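**Student:** Chain order of the listed sequences is A and B. The first sequence begins at 1 in our numbering and counts up by one. The second sequence begins at 1001 in our numbering and counts up by one. Mind looking over this structure? Questions follow.
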Amino acid sequence: MKKTKAYWLFLLPSLLGVLLFYTIPFLFSLYYALVDNMGSQSFVGLRNFTDTLQNSLFQSAAVNTAVFVGLSVPLSMALSLFLSLCLQGMKRGRVLATMLLLLPLVVPSGTIVYFWKVLFDSNGLLQKMLLQLGFNHEAVAQNGWAMGVLVAVFLWKNVSYNIVLFWSGLNWIPKTYYEQMALEGAGKWKQFTNVTWIYLSPTTFVVLLMSIVNSFKVFKEVYMLYGAYPSPDIYMLQHYMNNQFLSLNMQKLSSAAYILFLVIGIVLLIVFYAQKRVTDAYQ
Amino acid sequence: MANLQLKNMKKVYPRGSTHKQPEKKANLQITDEGVVAVQDFNLDIADKEFIVLVGPSGCGKTTTLRMVAGLEEITAGELYIDGKLMNHEEPKNRDISMVFQSYALYPHMTVWENIGFPLKLRKVDKQAIRKRVEEVAEILDITEYLDRKPKELSGGQKQRVAIGRAIVREPKVLLMDEPLSNLDAKLRNHMRTEIIKLRQKINTTFIYVTHDQTEAMTLGDRIVIMKDGFIQQIGTPQEVFDHPANLFVAGFIGTPQMNFFDGQLLQEGGGYALEVEGCRMGLSEEKQAGLAVRSVPGQKVTVGVRPGHLGLAQSGLAAVVEVTEMMGSEVHVHCGVGGKEAVFIVPTVDKDGRHFQPPAVGEGVMLGFGAGVCHLFGKDGKNLEG
């Protein structure tokens, strides 16, 4: 009994923080999503939700966000897995390579964004190089490449973190399996599909979850790169919500937030379910 | 189905290497090159022979096995399989299978798929794989588990599957690295018998690593006893039990452990006599002749006597009973002899069914041993009779 009390005592500060800054505002926003405006505050049912879903700006922001998540999550997972496998296979220079790969983890986002801005801005290095080479393209960031730049920024920021996760997962795989495979004459690909991939599946699910969550948190970088109103190609749900907040349209903001919450929730539930199915089968 | 020659094999783990280092508690030699895990390893293994490498942790037995498998580079020396030098051959080209202590079964495959996997990798046709997997499952009595996943099996069943996977492609050499260590005592005894039966059913050369001397004695045609990277003795179980080459082998082989007493070997009147703890003991003519052939001088010796060869006597070594252990058909009596501990075994029932009462704790007794059963070890620990 005493122990339980102690747990609660230690939990209290962060619990209070979560309640005050996340849970209570979140519940309030549900209320805002169900009333017509901040003045009369009369109940309108799901009208705010249907309005939001029919809003063309919201729709395009949702598509952009989905494209971004669909591109950045698999890419970051594949790249980080590939790099962790390379790191593991390295006989020399592993420490240096690890340090370089983990550098983005300790460099603040602002610095990274500034670096990308210098490279890709309308007056950026890449643009100058293209001009010198005789091309007269618009700035890369302002045309169809903008999404690519965003994905690249995401990868640069998140691959390091995933490498740490994958690497620790790789180190947990018993070496005996690889030795068994070597004795049986299995090649690298067979070893990967029958040992590495199987034993890495719990880690892969963690990386998938973290990547999905992080991909929805990319707003800071996009905002710093392109401001509150970027080109329509990269106008994300977070822009939409931020702009609704700036115009104090709490109904649109809250309903959009809840729709996003619902979608992320469903995606995560599917991932959790799949994870349980896969790991239960093996362990 | 192969003979092996291990010539002067040596393994050195370079300093600062990331490879698994032998356990620190072993007294391994450390040179400028690094830690010497195995050295001067010479052994000829005949076709279909069952060789057991036995020794305490860090003695180099697993390293030797892994060098044979090709999982560790051989630092020096040569390894021949069927007369062919194998030092630089890939593991897959050595036609060797291995059973690991941890089973290393693939968790996502059924028992059937696990056993058939080595054949599948070798692109054997499906029909042949089916036939062979069924044969192996029958040999190992695991037919009913073929559709299960490893997580649904007990330790003993997992070990059978691991053995099945190792023998399915009929390798030239079957290596087993402490395969029974993860099992409880009862299952270990059972699996030991199973391995003996298996050996009669398949034609292959076995190299088996264990730290358990009972496994070594019961399984091996010959056993190789190792310590600190060196071979201490190679011989049949009977040979190493009857004629241990040195103090280490004498103490390592046999349960309960051999008793050791300080003694003095006396040379008198053309013959030898023995004095143990101030008590004169006779030496058989055979033993005396053995010592004479080697011109062994009189000297301080360590006298080794197996607990089964030590017994109550009218006169001899004065001892006080400290503990008695009832083992059912026999009692192990632990006593103090001149500050040292000695164990002797007395049967609880004689051949006529009469019960024998072992001495009580605290009781003073006299212990003696036959003139031909003791082992004499010199200052360097070597058996004086060779």
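Heads up, the beta-carbon is just placed ideally off N, CA and C, and yes, glycines get one too. Remember, it's a predicted structure, so these values are computed and weren't measured experimentally.
So, B:Phe1260 versus B:His1309, is the Cβ gap smaller than 7 Å?
**Tutor:** Taking 7 Å as the Cβ cut-off, B:Phe1260 and B:His1309 do not qualify as a contacting pair.
**Student:** Compare the Cα-Cα distances from A:Ser255 to each of A:Ser40, A:Thr50, A:Phe115 and A:Pro25 and report the closest residue.
**Tutor:** Checking every option, the nearest Cα to that of A:Ser255 belongs to A:Thr50.
**Student:** Would you say B:Ser1102 faces chain A, with C-beta separation under 7 Å as the test?
**Tutor:** So yes, B:Ser1102 belongs to the interface.
**Student:** Within a Cβ cutoff of 7 Å, which residues of the same chain sit near B:Lys1092, ignoring the five residues on either side of it in sequence?
**Tutor:** Result list for B:Lys1092: empty, nothing under 7 Å.
**Student:** Measuring only from the beta carbon, is A:Phe216 closer than 6 Å to any heavy atom that is part of the ligand ATP?
**Tutor:** Among the ligands in the structure shown, none appear at all, so the ligand ATP cannot be discussed.
**Student:** If the cut is a Cβ gap below 9 Å, which residues of chain A does B:Tyr1080 touch?
**Tutor:** Going along chain A, no residue has its Cβ under 9 Å from B:Tyr1080, so there is no contact; the nearest lies around 19 Å.
**Student:** Three or more beta-carbon pairs under 8 Å between the region 199-216 of chain A and the region 19-34 of chain A, yes or no?
**Tutor:** Not touching, per the Cβ criterion.
**Student:** Pairs of beta-carbons, one from the region 1219-1229 of chain B and one from the region 1037-1051 of chain B, closer than 8 Å: are there three or more?
**Tutor:** Cβ pair count under 8 Å is three or more, so yes.
**Student:** Restricting to Cα atoms, I'd like to know which of A:Leu246, A:Met129 and A:Leu260 is closest to A:Ser215.
**Tutor:** Looking at the Cα atoms, A:Leu260 is the closest of the given residues.
**Student:** Just checking: is the beta-carbon of B:Pro1118 within a distance shorter than 7 Å of some beta-carbon in chain A?
**Tutor:** Closer than 7 Å to some Cβ of chain A, the Cβ of B:Pro1118 qualifies, so yes.
**Student:** DSSP three-state label for B:Asp1262, please.
**Tutor:** Three-state DSSP puts B:Asp1262 in a strand.
**Student:** Between the Cα of A:Leu165 and the Cα atoms of A:Gln59, A:Leu105 and A:Val69, which residue gives the shortest distance?
**Tutor:** Of A:Gln59, A:Leu105 and A:Val69, the residue nearest in Cα terms is A:Leu105.
**Student:** Please decide whether A:Thr284 counts as near chain B, where near means a Cβ-Cβ distance under 7 Å.
**Tutor:** In the structure as shown, chain A starts at 1 and stops at 283, and residue 284 of chain A therefore has no counterpart that could be examined.
**Student:** From A:Thr65 to A:Leu16, what distance separates their C-alpha atoms?
**Tutor:** Those two C-alpha atoms are separated by around 32 Å.
**Student:** Go ahead and label B:Cys1335 buried or exposed: buried means 16 or more other beta carbons lie within 10 angstroms of its beta carbon, across all protein chains shown.
**Tutor:** B:Cys1335 should be labelled buried.
**Student:** Using a beta-carbon distance below 7 Å, is B:His1108 in contact with chain A?
**Tutor:** So, interface residue.
**Student:** Express the C-alpha separation of A:Asn48 and A:Ser40 in angstroms, rounding to a whole number.
**Tutor:** C-alpha separation (whole angstroms): 15 Å.
**Student:** Do the CB positions of B:Val1168 and B:Arg1222 come within less than 7 Å of each other?
**Tutor:** No; because the gap between Cβ atoms is not below 7 Å, this pair is not in contact.
**Student:** With the cut-off set at 7 Å, would you say B:Leu1105 and B:Pro1150 are in Cβ contact?
**Tutor:** Yes, they are a contact pair.
**Student:** Which term fits A:Pro74, buried or exposed, when burial requires 16 or more other beta carbons within 10 angstroms of its beta carbon?
**Tutor:** Exposed, because fewer than 16 other Cβ atoms sit within 10 Å of the Cβ of A:Pro74.
**Student:** Could you tell me which chain B residues have their CB closer than 9 Å to the CB of A:Gly185, listed as they occur along the chain?
**Tutor:** The contacting residues are Glu1090, Pro1091, Lys1092, Asn1093, Pro1118, Leu1121 and Arg1122.
**Student:** For B:Asn1189 versus B:Lys1382, is the C-beta distance shorter than 7 Å?
**Tutor:** Contact: no.
**Student:** To the nearest angstrom, how far is the alpha carbon of A:Leu83 from that of B:Thr1062?
**Tutor:** Their Cα atoms are separated by approximately 33 Å.
**Student:** Between which two residues does the beta strand (DSSP E) harbouring B:Ile1225 extend?
**Tutor:** First-last of the beta strand (DSSP E) with B:Ile1225: Arg1222 to Lys1227.
**Student:** List, in chain order, every chain A residue whose beta-carbon is nearer than 7 Å to that of B:Ala1069.
**Tutor:** Those are Leu183, listed as they occur along chain A.
**Student:** Distance cutoff 7 Å, beta carbons only. Does B:Met1098 sit that close to anything in chain A?
**Tutor:** With 7 Å as the cut-off, B:Met1098 counts as an interface residue toward chain A.
**Student:** Give me the DSSP bridge partner(s) of B:Leu1097.
**Tutor:** Sequence check: residue 1097 of chain B is Ser here, not Leu. B:Ser1097 is bridged to B:Leu1174.
**Student:** For A:Phe192, which three-state DSSP category applies?
**Tutor:** Reduced to three states, the DSSP call for A:Phe192 is helix.
**Student:** Could you pull out every residue in the same chain whose Cβ sits closer than 8 Å to the Cβ of A:Val195, ignoring the five residues on either side in sequence?
**Tutor:** So the qualifying residues of the chain are Ile173, Tyr177, Tyr178 and Met181.
**Student:** Just to confirm the assignment, what range does the alpha helix (DSSP H) spanning A:Pro25 have?
**Tutor:** Note, A:Pro25: alpha helix (DSSP H), Ile24 to Ala33.
**Student:** Is the beta carbon of B:Gly1304 closer than 7 Å to that of B:Ala1250?
**Tutor:** A contact, by the Cβ cut-off of 7 Å.
**Student:** Exposed or buried, what is B:Arg1015 when buried is set at 16 or more other beta-carbons lying within 10 Å of its beta-carbon?
**Tutor:** Exposed, because fewer than 16 other Cβ atoms sit within 10 Å of the Cβ of B:Arg1015.
**Student:** Whose C-alpha, out of A:Leu150, A:Gly124 and A:Met90, is nearest the C-alpha of A:Val69?
**Tutor:** Ranking the options by Cα distance to A:Val69, first place goes to A:Leu150.
**Student:** Taking B:Ala1289 as part of the alpha helix (DSSP H), name the residues at either end of that continuous run.
**Tutor:** Glu1285 to Val1293 is the extent of the alpha helix (DSSP H) around B:Ala1289.
**Student:** DSSP three-state label for B:Leu1071, please.
**Tutor:** Coil at B:Leu1071, not helix or strand.
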